[in-house]
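Asks: Per our numbering: the sequence shown = residues 3 to 323.
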Amino acid sequence: TLSTSLRGFIDSEIIEGPLLGEFLDVIPETIDDILNMLGSILDGVEFEIPLEQLGNPPMTLQFGSSIGQLNFKQHPTEGSLDASLVMSVGTPHAPIQAHSLGLPQAKAEPIPPFSGVGGVQVAIRQDFINGVLHALWNAGLMNGSISVKDFTDAVPLDIDVALRPKLPPIVRMAPYNTSCRVDGERCDAVVQIGQFELDGGLIKMTANIEAGARIMIRDGEVSLKVADAPNITLWLPDGRTDGIIDMVREPLIDGVWPMIRDLLGEDGLAIPLPIPSPEELGLADIAPGLANASIAIRTFGRIDVATGYLGLAADVEIAVP
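1) Given ALA272, which residues of its chain have a CB within under 6 Å of its CB, disregarding the five upstream and five downstream residues?
2) ASN179 by DSSP, collapsed to three states: which one?
3) Count the other CB atoms, across all protein chains shown, that sit within 10 Å of the CB of THR93; report buried if there are 16 or more and exposed otherwise.
4) Look at the Cβ atom of GLY130, then the Cβ atom of MET175, and state whether they are nearer than 8 Å.
5) Between which two residues does the alpha helix (DSSP H) holding ASN145 run?
6) Ordered along the chain, which non-local residues of its own chain (more than five positions away) have a Cβ less than 7 Å from that of GLN107?
7) Would you identify the three-state DSSP class for LEU63, choosing helix, strand or coil?
8) Between GLY142 and the rest of its own chain, which residues show a CB-CB distance below 8 Å, the 5 nearest in sequence each way excluded?
9) Helix or strand or just coil, what does DSSP make of ASP256?
10) Short of 6 Å in beta carbon distance, which residues of its chain neighbour ILE148, apart from the five on each side in sequence? Order them along the chain.
11) Just verifying my parser: in three-state terms, what is the DSSP assignment at PRO167?
12) So, ASP190 versus ARG216, is the Cβ gap smaller than 8 Å?
13) Check ALA137 in the structure and name its three-state DSSP category.
14) Quick check on DSSP: helix, strand or coil for ASN294?
15) Could you compute how far the alpha carbon of ASN145 sits from the alpha carbon of ILE255?
16) Please confirm whether ALA316 and ALA295 have their CB atoms less than 8 Å apart.
17) Per DSSP, what are the beta-bridge partners of ALA316 in this structure?
18) Quick check: what's the CA-CA separation for ILE1 versus TYR311?
19) The beta strand (DSSP E) spanning GLN197 covers which residue range?
20) Which first and last residues belong to the beta strand (DSSP E) in which THR309 is found?
21) Could you tell me which of THR180, LEU87 and VAL91 sits nearest to LEU63, measuring between CA atoms?
22) Would you list the one or two residues that DSSP bridges to PHE130?
23) Can you give the Cα-Cα distance for GLU48 and LEU200, rounded to whole angstroms?
24) Taking all protein chains shown into account, do 16 or more other C-beta atoms lie within 10 angstroms of the C-beta of GLN71, making it buried, or fewer, making it exposed?
25) Rounded to the nearest angstrom, what separates LYS227 and VAL173 at their Cα positions?
26) State the DSSP-derived secondary structure class of LEU204, mapped to helix, strand or coil.
27) Answer yes or no: do PRO167 and LYS206 have a C-beta to C-beta separation smaller than 8 Å?
28) How long is the line joining the alpha carbons of ALA110 and GLY133, rounded to whole angstroms?
29) When you compare only the Cα positions, how much space is there between SER102 and SER181?
30) Can you give the beta carbon distance from GLY196 to LEU165, rounded, assuming they're within the 8 Å contact cut?
31) Quick check: the Cα distance between PRO274 and ILE247, rounded to an integer number of angstroms?
32) Just curious, the beta strand (DSSP E) that GLU48 is in, first and last residue?
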């Protein structure tokens, strides 16, 4: 969901008089071009996620997009335009989790946390982020096989361990009173992987893994900065709690978790924001000097987490070389 304030785009101290009138004349056509462009900016976009560490070929993530609901508020200086971008996400890979019941919904009636700060405000559904994770999980993102001897000497066994996440990873918002920190900053969210099975043949166990995360927006992408140290609960299928659990815990944190963290974090999974190029905006048609301009989003403060959305206040900056 994208919300724009016309006041945020127009500085009356810089653009005034006849020039302001000419600028306002091109706004309706420019906005129309922007909306048409935004509706398809991620349509058909795909990128690969490397999975060499699990012995798997790269995985492809595919996006589709279209413009949904539009709300326009008329006012000489306080007008605003809200546009909803309908997104789809999937992979071309055959699903391996036929038992999946689908995506858990964060909020029954999510509300974008828009405020009056910034010329542009972007809100991303929490369900969309979990939808990306669900699509990747169902295509086998974290399924693989690792050799115990490759990541630890603590377990005196030369065996291969099959990794089978039976539940999809989900992102849930961190409670307001959380003590969780990532790089010294308060966590925005908690990443949870439930019922993560480790099958070593003679030894089988299941883990529930939780780790704090910050939601990062930079270089035109949304990603997760996942904590280095997770909370892991281990149990055996028959309910025993013998010494094997204590023996496996540290190797799991030191050897297996970094691979999972990198797959889900900013080094593996990054979702592109729909930032248009100068060509797509047709800036050269407005002024030839804008043909080589660059566009960037300057954000304000931290991401606002509320009612099923991740909200971000920003300004669009157009720099001319």
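Every residue, glycine too, gets a C-beta built ideally from N, C-alpha and C. On a predicted model such as this, the values are computed, not experimentally measured, just so you know.
Replies: For this structure:
1) Same-chain partners within the cutoff: GLU223 and SER225.
2) DSSP places ASN179 in the coil class of the three-state scheme, outside both helix and strand.
3) With 16 or more Cβ atoms within 10 Å of its Cβ, THR93 is classed as buried.
4) The sequence shown places Phe at residue 130, not Gly. Going by C-beta atoms, PHE130 is not nearer than 8 Å to MET175.
5) Per DSSP, ASN145 belongs to no alpha helix (DSSP H) and is neither H nor E.
6) Excluding sequence neighbours, GLN107 sits near ASP129.
7) Strand at LEU63.
8) Excluding residues within five positions, the ones whose Cβ falls inside 8 Å are ASN58, MET61, HIS95 and ILE98.
9) Here ASP256 carries a helix assignment [DSSP, helix/strand/coil].
10) Taking ILE148 as the centre and dropping the five residues before and after it, the same chain places the C-beta of VAL163 closer than 6 Å to its C-beta, in chain order.
11) Looking at PRO167 - three-state DSSP - the assignment turns out to be strand.
12) ASP190 places its beta carbon less than 8 Å from that of ARG216.
13) ALA137 falls in the helix class under three-state DSSP.
14) In this structure, ASN294 counts as coil in the three-state DSSP scheme.
15) Going from the Cα of ASN145 to the Cα of ILE255 covers about 17 Å.
16) Contact: no.
17) Residue pairing for ALA316: DSSP places it in a beta bridge opposite VAL122 and THR301.
18) Missing from the structure shown is residue 1; the chain here goes from 3 to 323 and no further.
19) In this chain, the beta strand (DSSP E) harbouring GLN197 covers 191-201.
20) Counting along the chain, no beta strand (DSSP E) covers THR309, and no H or E run does either.
21) Taking the Cα of LEU63 as reference, the smallest distance to any Cα among THR180, LEU87 and VAL91 is reached at VAL91.
22) Beta-bridge pairing links PHE130 to no other residue.
23) Taking the straight line from one Cα to the other gives about 31 Å.
24) A residue is called buried when at least 16 other Cβ atoms come within 10 angstroms of its Cβ; GLN71 does not meet this threshold and is exposed.
25) Distance between the alpha carbons of LYS227 and VAL173: 12 Å.
26) Collapsing the DSSP output to three states places LEU204 in coil.
27) The Cβ atoms of PRO167 and LYS206 lie no closer than 8 Å to each other.
28) Distance from the CA atom of ALA110 to the CA atom of GLY133, rounded to whole angstroms, is 15 Å.
29) In a straight line, the C-alpha of SER102 is about 33 Å away from that of SER181.
30) 14 Å between Cβ atoms; not a contact.
31) Looking at the two C-alpha atoms, the distance is approximately 40 Å.
32) From DSSP, the beta strand (DSSP E) with GLU48 extends over 48-51.
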